[in-house]
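Participant: Numbering (mature numbering (1 follows the signal peptide of the UniProt record, and there is no 0)), first residue to last: -24 to -1, 1 to 343.
Built from N, CA and C at the ideal position, the CB exists for glycine as well.
Here the structure is a predicted model, which means the values were calculated and not measured.
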């Protein structure tokens, strides 16, 4: 855990409530016979965005895309590439990812990757170099827009006081955003990972809805063109559907990424509730859309291990999750956590070769 926490910085390695929503999943063979992976109403692939009041990024000459119709300046997500192209996302990609890994990711069929490294972990110049490599492999990357420890005033080196609450670092993040915003490989900005459970004191202090709105406004003032992303686990409902531990509101973001990981274990020996997707994914999607009908939902499945809290899924587990996930309506992207780092305890190509092969085959058969 000590080695992974420095690099990963995500809420799923924090203390997670033991009241989990359940998932169930069938087998991949049935799914592979269904070429229309995402239902018909999921075909609005979010690969670019446009604001009514802002110019498109340089190089985008599509003048036919619909304009933003939101009530504020939060942008709507629209198409960029061929209509038939789906979005397959991959998380936990190191911010210094090299060409070898990027080539493997692209060959597997992924189109958007996301990093867990943020403003404290990599310099803007190093980030630009990574984005250059990402662009060279025809990929897009979701970048820190406020999910990281540095964005909320933490050092994240073990020296933060235990009573320190998250405080939005507007000046610091404005400089970061301004420096990177024009890079064409950036897909969007991630402003929250599970309301701050990934932060050093995330088990004690959550990022409030007011704070999230401030983060969103900071990002939107710099970049009116790319989607804002928040990650939501929804594994507990202690405060109701959208309360203190799970803040959400209309126009808070453009994309909600649902982290539904069926490999969570309470005892370190077996998954606690492996039926998570079948029991809850559609319900959670519907609840989010009831608050904000314009938002896009991305569903992320488990393809990683961090024992004893998260067990390595078997091929059967992953196939089961996939078979059910593709039946969820109103899902705009399906993806996985995650790729990992060859220098740390989890690396998908090293430690999950069978899972990687299953994912690659699945994307190929369902593109």
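Check whether the stretch 187 to 199 touches the stretch 219 to 229, taking contact to mean three or more Cβ pairs, one atom from each stretch, closer than 8 angstroms.
Facilitator: Yes: at least three Cβ pairs fall under 8 angstroms.
Participant: With 16 as the cutoff for other CB atoms within 10 Å, does residue 292 come out buried or exposed?
Facilitator: Counted from its first residue, the chain shown places residue 292 at position 316. Under this definition residue 292 is an exposed residue.
Participant: My assumption, with CB atoms under 8 angstroms, is that residue 280 sits in contact with residue 241. Please give the rounded CB distance.
Facilitator: Within the chain shown, numbered from 1, the residue matching residue 280 stands at position 304. Within the chain shown, numbered from 1, the residue matching residue 241 stands at position 265. 13 angstroms between Cβ atoms; not a contact.
Participant: Could you tell me how far apart the beta carbons of residue 234 and residue 276 are, in whole angstroms, since I believe they sit closer than 8 angstroms?
Facilitator: Locating residue 234 in the chain shown gives position 258, counting from the first residue. Locating residue 276 in the chain shown gives position 300, counting from the first residue. Between residue 276 and residue 234 the Cβ distance is about 7 angstroms, and since that is below 8 angstroms, they are a contact.
Participant: Based on DSSP bridge pairs, tell me the residues matched to residue 332.
Facilitator: Position 356 of the chain shown, counted from the start, is the residue given in the question as residue 332. None; residue 332 has no bridge partner.
Participant: Any chance the stretch 147 to 162 sits against the stretch 89 to 100, with 3 or more Cβ pairs inside 8 angstroms?
Facilitator: Cβ pair count under 8 angstroms is three or more, so yes.
Participant: Give me, in chain order, the residues of the same chain whose beta-carbon lies closer than 7 angstroms to that of residue 318; leave out the 5 immediate sequence neighbours on both sides.
Facilitator: Translated into the one-based positions of the chain shown, residue 318 becomes position 342. Closer than 7 angstroms at the Cβ level, and outside the excluded window around residue 318, lie 326.
Participant: Evaluate residue 200 with the Cβ neighbour count: other Cβ atoms within 10 Å of its Cβ, from every protein chain shown; 16 or more gives buried, anything less gives exposed.
Facilitator: Sequence index remark: in the chain shown, residue 200 carries index 224 (1-based). Flag for residue 200 reads buried.
Participant: What are the partner residues of residue 90, as DSSP defines its beta bridges?
Facilitator: Numbered from its first residue, the chain shown carries residue 90 at position 114. Looking at the DSSP assignment, residue 90 forms a beta bridge with 118.
Participant: Using only CA atoms, which one of 63, 62, 70 lies nearest to residue 324?
Facilitator: Position 348 of the chain shown holds residue 324. Of the listed residues, the one whose Cα sits closest to residue 324 is 70.
Participant: Using only the heavy atoms of the ligand FMN, determine whether one of them is closer than 7 angstroms to the beta carbon of residue 262.
Facilitator: Questions concerning the ligand FMN fall outside what the structure shown contains, since it holds no ligand whatsoever.
Participant: Scan the stretch 162 to 236 and note each continuous beta strand (DSSP E) run of 3 residues or more that stays entirely inside, going in chain order.
Facilitator: Segments of the beta strand (DSSP E) lying fully in the stretch 162 to 236: 162 to 169, 204 to 208, 231 to 235.
Participant: As an exercise, report each continuous alpha helix (DSSP H) stretch of at least 4 residues that is fully enclosed by the stretch 276 to 317, in chain order.
Facilitator: Taking only runs of at least 4 residues, the alpha helix (DSSP H) segments lying wholly in the stretch 276 to 317 are 291 to 301.
Participant: Using only the alpha-carbon positions, how far apart do residue 3 and residue 303 sit?
Facilitator: By 1-based counting over the chain shown, the position of residue 3 is 27. By 1-based counting over the chain shown, the position of residue 303 is 327. Residue placement at residue 3 is poorly supported in this model, since its pLDDT is 39, which falls under 50; the coordinates still yield a value, given next. Residue 3 and residue 303: Cα-Cα distance of roughly 12 angstroms.
Participant: Based on the DSSP secondary-structure assignment, which residues constitute the bridge partners of residue 66?
Facilitator: Position 90 of the chain shown, counted from the first residue, corresponds to residue 66. 89, 312, per the DSSP bridge assignment.
Participant: How is residue 263 classed by DSSP in three states: helix, strand or coil?
Facilitator: Taking the chain shown and counting its residues from 1, the one referred to as residue 263 is at position 287. Helix at residue 263.
Participant: Output the boundary residues of the alpha helix (DSSP H) element that contains residue 149.
Facilitator: Taking the chain shown and counting its residues from 1, the one referred to as residue 149 is at position 173. Here the alpha helix (DSSP H) through residue 149 covers 146 to 156.
Participant: Pull up the distance between the alpha-carbon of residue 163 and that of residue 257, whole angstroms please.
Facilitator: The residue you call residue 163 lines up with position 187 of the chain shown. The residue you call residue 257 lines up with position 281 of the chain shown. When rounded, the distance between both Cα atoms is 24 angstroms.
Participant: Tell me the residue span of the alpha helix (DSSP H) that contains residue 326.
Facilitator: As a position in the chain shown, residue 326 is number 350, starting the count at 1. Residues 324 to 327.
Participant: Taking Cβ to Cβ, would you say residue 336 is nearer than 8 angstroms to residue 294?
Facilitator: Counting from 1 along the chain shown, the entry for residue 336 is found at position 360. Counting from 1 along the chain shown, the entry for residue 294 is found at position 318. Taking 8 angstroms as the Cβ cut-off, residue 336 and residue 294 do not qualify as a contacting pair.
Participant: Any idea if residue 311 is buried or exposed, counting beta-carbon neighbours within 10 angstroms, 16 or more meaning buried?
Facilitator: The residue labelled residue 311 in the question sits at position 335 within the chain shown. Classification for residue 311: buried.
Participant: Does the stretch 135 to 150 come close enough to the stretch 101 to 113 to have 3 or more Cβ pairs within less than 8 angstroms?
Facilitator: Taking 8 angstroms as the limit for Cβ pairs, the verdict is that the stretch 101 to 113 does not touch the stretch 135 to 150.
Participant: In angstroms with no decimal places, state the Cα-to-Cα distance between residue 196 and residue 158.
Facilitator: Working through the chain shown from its first residue, we reach residue 196 at position 220. Working through the chain shown from its first residue, we reach residue 158 at position 182. C-alpha separation (whole angstroms): 14 angstroms.
Participant: When the Cα of residue 331 is compared with those of 297, 343, 102, which residue comes out closest?
Facilitator: By one-based count along the chain shown, residue 331 stands at place 355. Comparing Cα positions, the closest option is 297.
Participant: For residue 180, count neighbouring C-beta atoms within 10 Å of its own C-beta (all shown protein chains included) and say buried if the count is 16 or more, exposed if not.
Facilitator: For the purposes of this step, residue 180 is taken as residue 204 along the chain shown, with counting starting at 1. Exposed, because fewer than 16 other Cβ atoms sit within 10 Å of the Cβ of residue 180.
Participant: CB residue 232 to CB residue 252, shorter than 8 angstroms?
Facilitator: On the chain shown, residue 232 is found 256 positions in, with the first residue counted as 1. On the chain shown, residue 252 is found 276 positions in, with the first residue counted as 1. No; because the gap between Cβ atoms is not below 8 angstroms, this pair is not in contact.
Participant: What does the Cβ neighbour count give for residue 131, buried or exposed, with the cut at 16 atoms within 10 Å?
Facilitator: In the chain shown, residue 131 corresponds to position 155, counting from 1. Classification for residue 131: exposed.
Participant: Can you give me the C-alpha to C-alpha distance between residue 218 and residue 316, rounded to a whole angstrom?
Facilitator: Taking the first residue of the chain shown as 1, we reach residue 218 at position 242. Taking the first residue of the chain shown as 1, we reach residue 316 at position 340. If I take the Cα positions, the gap works out to 30 angstroms.
Participant: State the Cα-Cα distance for the pair residue 339 and residue 137, rounded to the nearest angstrom.
Facilitator: Translated into positions along the chain shown, residue 339 becomes position 363. Translated into positions along the chain shown, residue 137 becomes position 161. About 45 angstroms.
Participant: Report yes if the CB atom of residue 161 is closer than 8 angstroms to the CB atom of residue 107, and no otherwise.
Facilitator: Translated into positions along the chain shown, residue 161 becomes position 185. Translated into positions along the chain shown, residue 107 becomes position 131. Yes.
Participant: Which of helix, strand or coil does DSSP assign to residue 339?
Facilitator: Counting from one through the chain shown, the residue named residue 339 turns up at place 363. Residue 339: helix per DSSP, three-state reduction.
Participant: Along the chain, where does the alpha helix (DSSP H) that runs through residue 249 open and close?
Facilitator: On the chain shown, position 273 is the one that residue 249 refers to. Premise fails: residue 249 is in no alpha helix (DSSP H) and is neither H nor E.
Participant: Would you check if the distance between the CB atom of residue 100 and the CB atom of residue 156 is smaller than 8 angstroms?
Facilitator: Looking up residue 100 in the chain shown gives position 124. Looking up residue 156 in the chain shown gives position 180. In this structure, residue 156 lies closer than 8 angstroms to residue 100 by Cβ.
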